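A short worksheet on the structure shown next.
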Amino acid sequence: MTEATIGASAFDRDTAVTARGGGVYDADLSAQWTIGHAVNGGYLLALLGRALGDALPHPDPFTVTAHYLTASRPGPATVRTTTVRTGRTLSTGTASLVQVDEEGREVERVRVLASHGDLTALPDDVRTSAKPPQIPPYERCLGAKDGMDPAAVPPLTHQVDLRLDPATVGWALGAPSGRGEMRGWFGLADGRDHDPLSLLLAVDALPPTAFELGLSGWVPTVELTVHVRHRPAPGPVRVAITTRNLAGGFLEEDAEVWDSQDRLVAQSRQLARALSD
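For the sequence shown, numbering that gives the first Met the number 0 begins at 0 and goes up steadily by one.
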């Protein structure tokens, strides 16, 4: 397989937006990035980040907070952006993704507040106590093709190259660990290297930590905040997600994304609902 390049991959095609003018963009949400009946939240965040990167004077998402108001469906969508403030280092804007429902009414799906900057302009100094997750080598981790019917996995799974740490797949064998952890190697199926936009996908593309807590229902995201800390080096990234508290039917998930040079390139926290089957 010939590896796709940034700007010429399925991810770029499916997150493309077309400017109408006045900060408004047309988009087509691809069915290839769905889980169940809904479009994946990380994919939506990448698409909105692309629109804001065009609308704002700074290209890269630094911090993005999204509230998911209603489930997005494959098909046409409109993104409306507003520039809130522009500065030398950061520019802040909002974006709203809307679709037309079966009755012809406009429904808002996602609303985002984001600050963009230029990751290449950041200084090189790093002072951190964070450590990369301990994940077995790629070839010793488990993918969707390992013991699973390809027709039974969500369409999103075919668009990514996901290899899970065997210590976090007890749920798939009917023996969840109860630890609320999910770890794995993550890349795009066509070999495209990561960039800041694909990191917005990476934080929300692994199976939910709720599976390892013994739950098996849909886990829709209510709110997701992502901090992009560095432009990632070529190669797959490692993603580690944990939850410490499931209460009242809601849980939090904290994610870290590390690149091939052991740099922490993205962090996120989300609030999600834990729905029963």
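Every residue gets a Cβ at the ideal spot worked out from N, C-alpha and C, and that includes glycine.
This structure is a prediction, so every number in the text was calculated from the model and none was measured.
Separation of Ser-176 and Arg-243 (C-alpha to C-alpha, rounded to the nearest whole angstrom) is 14 Å. Taking the CA atoms as reference points, Asp-261 sits about 20 Å from Ala-120.
By the neighbour-count criterion, in which 16 or more other beta carbons inside 10 Å mark a residue as buried, Ser-71 falls on the buried side. Bridge pairing for Ala-271: Thr-220 and Leu-250 [DSSP]. If you keep only unbroken beta strand (DSSP E) runs of at least 3 residues inside the stretch 25-68, you get 59-67. Inclusion of Val-63 and Leu-199 in the CB contact set at 8 Å is warranted, their separation being smaller than that value.
In the structure shown, Gly-169 falls within a helical segment according to DSSP collapsed to helix, strand and coil.
The three-state secondary structure of Arg-230, taken from DSSP, is coil. When the alpha-carbon of Leu-55 is set against those of Glu-251, Ser-114 and Pro-131, the nearest one is in Ser-114.
Annotation: the continuous beta strand (DSSP E) that includes Arg-79 extends over 74-85. Here the stretch 73-86 does not lie against the stretch 129-148, with fewer than 3 beta-carbon pairs under 8 Å apart. Just measuring C-alpha positions, the residue of Arg-268, Pro-231 and Ile-240 sitting nearest Asp-258 is Pro-231.
With respect to the 8 Å criterion, Gly-40 and Asp-203 are classified as neighbours on the basis of their beta carbons. Pairing Leu-118 with Gly-173, the inter-Cα distance amounts to about 43 Å. Counting other Cβ atoms within 10 Å of its Cβ, Gln-158 reaches 16 or more and is therefore classed as buried. Under the three-state reduction of DSSP, Ala-70 is assigned to coil, being neither helix nor strand. Counting other Cβ atoms within 10 Å of its Cβ, Pro-233 stays below 16 and is therefore classed as exposed. When secondary structure is reduced to three states using DSSP, Leu-200 falls in the helix class.
The straight-line gap separating the alpha-carbon atoms of Gly-186 and Ala-246 is approximately 32 Å.
Rounded to whole angstroms, Leu-263 and Thr-33 show a C-alpha spacing of 27 Å. In this structure, the straight-line span from the alpha carbon of Leu-270 to that of Asp-124 is close to 31 Å. Thr-17 sits in a strand when the DSSP states are folded into three classes.
Restricting attention to Thr-156, Asp-192 and Pro-207, the CA atom closest to the CA of Trp-170 is found in Pro-207. Listed in chain order, the beta strand (DSSP E) runs fully inside the stretch 91-170 are 105-116 and 159-163, counting runs of at least 3 residues.
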